[in-house]
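Structure, as structure tokens:
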Amino acid sequence: NIHNPAPLLVLVMKVLSKVSFGFLAVSYSCVVGAFQLPPGSDAPRSAAQVESRKDFLSTSASIITGAVLVSSQPAYARGRATLEQAYDRYTPRIIEGGKFYKSELYGAISKSNWKAIQAATAEPPKKSKEDRALKDGGVAKRAALAGEFSNARVLSAMELYAATFSDSSITPKTKAMKAEVETLREVVDGMNKAAKIALGEESAGGGLFGIGSKKPSTSELSKQVQELYIKGGNAYNAYVFAANDGLPLQLNKLPFL
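Below, the structure is given as structure tokens:
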């Protein structure tokens, strides 16, 4: 996707980091430049910019293909039936979360739409007395209030799916996938906090993002959230890369951002 290349390019950076640190640095500058549009700007990119990104994406795709061909041995779950059940249960939420991340969330961040960012990363409210009176304890009602890329809706599914690839001991595959989930958790929490600060619903105490104790400006918050978005896209794609490694042929591989 030329108009939203950052997460894919960051995945390539992660693969390449084991090969060339110098190329990694150049790639990172490309990613930041690709994402950081002026808040509210919908200005089209020049033909030269589009072509250069086409070339970079084409090269990146070739590199990823090569990396997959020399990947590690398959890491299976407790059993094929267990894996298939977990796949059917959790991957729809993971995939939908990825679609939201690269579309609606990207749009909200590029325009500094703080209300949309806050809603997208919001956790459901705690169980109330009214919820306890409901047949399901209010689970369905509260689940519907979770953000489209929140811990409750997406990250919990990613964590549970990762656990499927372990049995009596935790496998390297599960560890790798869960590490990316933790990174995404930090990203989501950071985005949500930034949105609340921008909306005046929370203070910036504790030196959020290293800015200091005073309230950061909107432009500072926008820059930090854009950086978090890139970091999150990297983590999501790295998770998908690990999840797809050694996946049985009858199961569709998870799509990258």
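The working numbering runs 1 ahead of the 1-based position in the sequence shown. Every residue, glycine too, gets a C-beta built ideally from N, C-alpha and C. These numbers were taken from a predicted model, which means no experiment stands behind them.
| Item | Value |
| --- | --- |
| Can you look up Glu97 in the DSSP assignment and give me helix, strand or coil? | helix |
| Is the beta carbon of Arg186 sitting closer than 8 Å to the one on Leu146? | no |
| In whole angstroms, what is the alpha-carbon distance linking Ala62 and Ala144? | Residue confidence for Ala62 is low, a pLDDT of 47 falling below 50, so the modelled location carries little weight and cannot support an answer. |
| Straight-line CA distance for Ile96 to Phe166? | 18 Å |
| Which whole-angstrom value is the C-beta distance of Ala121 and Glu149, which I expect to be below 8 Å? | 5 Å |
| Beta-carbon within less than 6 Å of Tyr88's beta-carbon, same chain only, minus the 5 sequence neighbours each way: which residues are those? | Leu252 |
| Considering only C-alpha positions, which residue in the set Ser170, Thr219, Asp190 is nearest to Lys232? | Asp190 |
| Of the choices Glu183, Glu202, Ser218, whose alpha-carbon is the least far from that of Ser151? | Glu183 |
| Is Gly234 near Leu258, with beta carbons less than 8 Å apart? | yes |
| Kindly indicate which residue of Trp115, Ser204, Asn114, Leu248 has the alpha-carbon position closest to the one of Lys215. | Ser204 |
| If you follow the alpha helix (DSSP H) that Lys103 is in, where does it begin and where does it stop? | From DSSP, Lys103 is part of no alpha helix (DSSP H); its letter is neither H nor E. |
| Please classify Leu250 as buried or exposed, where buried requires at least 16 other C-beta atoms within 10 Å of its C-beta. | exposed |
| Where Lys128 and Gly138 are concerned, what is the direct C-alpha to C-alpha distance, given to the nearest angstrom? | 8 Å |
| How many angstroms separate the CA atom of Leu246 from the CA atom of Ala134? | What sits at residue 246 in the sequence shown is Asp, not Leu. Computed Cα separation, rounded: 45 Å. |
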